[in-house]
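Heads up: the sequence shown is residues 1 to 247, going by UniProt numbering. Cβ coordinates follow ideal geometry from the N, Cα and C atoms, glycine included. No experiment lies behind these values; they were computed from the predicted model shown. As structure tokens, the structure follows; a few thoughts come after it.
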Amino acid sequence: MSKEFKPGSALLSLLFYTALFTFIGMRFNYTYEWFSLSGYFGSIAEGWITTVILSVVSLFFSLIFGLILFFMKESKITTLRYISKVFNEVMFGSPLLVLVVILYYIVGRAFYVNDKFIAAVIILTLYNSAYISEIYRGGIESIPDGQWKAAEVFGFSEFQTYRYIVLPQVLKNILPPLTGQLALLVKSTALLSYMAVNEFFNTMMGVNANTFAYIEGYLVLALGYLIITIPISLSIKYMEQKLQVIE
Numbered sequence: 001m002s003k004e005f006k007p008g009s010a011l012l013s014l015l016f017y018t019a020l021f022t023f024i025g026m027r028f029n030y031t032y033e034w035f036s037l038s039g040y041f042g043s044i045a046e047g048w049i050t051t052v053i054l055s056v057v058s059l060f061f062s063l064i065f066g067l068i069l070f071f072m073k074e075s076k077i078t079t080l081r082y083i084s085k086v087f088n089e090v091m092f093g094s095p096l097l098v099l100v101v102i103l104y105y106i107v108g109r110a111f112y113v114n115d116k117f118i119a120a121v122i123i124l125t126l127y128n129s130a131y132i133s134e135i136y137r138g139g140i141e142s143i144p145d146g147q148w149k150a151a152e153v154f155g156f157s158e159f160q161t162y163r164y165i166v167l168p169q170v171l172k173n174i175l176p177p178l179t180g181q182l183a184l185l186v187k188s189t190a191l192l193s194y195m196a197v198n199e200f201f202n203t204m205m206g207v208n209a210n211t212f213a214y215i216e217g218y219l220v221l222a223l224g225y226l227i228i229t230i231p232i233s234l235s236i237k238y239m240e241q242k243l244q245v246i247e
């Protein structure tokens, strides 16, 4: 299960990287050559945007498929429960890098999925939906049993119980872990470089290889990911505050 993502921690991480690379530069008399990256600004920006799009699209489908997995696990149909259980265990027990290799180079080729972007979205969706389904489960289980019984007494249908009583509370409860999972999703896009997707990490590795400006490149890489994850955290914290005001 993912942990809550904190923007303060991200800023501290950036400061740590900056201090570390500054120390290395001073220790080995390294001269920073930021201008060497200027000719690759277009490629870097394109890779960064690709990472953002991959993250947003994958999150959208992960939220939907994760909800489907949750209802399958709670279903009265035994087959659906076992399918969701096996799926989650496979996702939880497999490193994402292994899944990238197997699902793209073996399964993807078998089903003629040749578009790397589509394959990347499918892989990230499958992997993250398992974790998101558990986030949903944790949110549902946080609802006191008395509220379920009260809804039954007042004649609420199962749909009405979820719509008017459960989901508004669940949304507030799942926002912190969902923030952490989204941050992990963004960072996990780096592993897509193994299937040659031109996302941010893969692009920066190419830039580093051409310019030999490794320290500058890795600082840009760290900053680029933080530019994505910090606004995510701040936006969801804002949503949490709004939900508390509504209550």
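Pairwise C-alpha distance: F70 and R137: 7 Å
Own chain partners of M1 with C-beta closer than 8 Å, once the 5 adjacent residues on each side are dropped: Because the pLDDT at M1 is just 47, under 50, the model does not fix this residue reliably, and the point stays unresolved.
Three-state secondary structure (DSSP) of V197: coil
Whole-number beta carbon distance between L103 and I123, since they are thought to touch under 8 Å: 5 Å
Proximity of Y194 and L97 at Cβ, strictly below 8 Å: yes
Whole-Å CB distance - L192 paired with A110, under 8 Å assumed: About 19 Å; that fails the 8 Å criterion.
Start and end residues, alpha helix (DSSP H) containing P95: Neither: P95 is in no alpha helix (DSSP H) and is coded neither H nor E.
Among E240, Q241, I143, L219, nearest to L15 - alpha-carbon criterion: L219
As assigned by DSSP and simplified to three states, the class of V113: coil
Assigned exposure category for K73 - 16 Cβ within 10 Å defines buried: buried
Cβ pair I118, A183 closer than 8 Å: no
Through-space distance from I44 to residue 273, alpha-carbon basis: A question about residue 273 goes unanswered here, because the residues of the chain that appear run from 1 up to 247.
Contact set for N202: own chain, Cβ-Cβ below 6 Å, skip 5 residues either direction: S193
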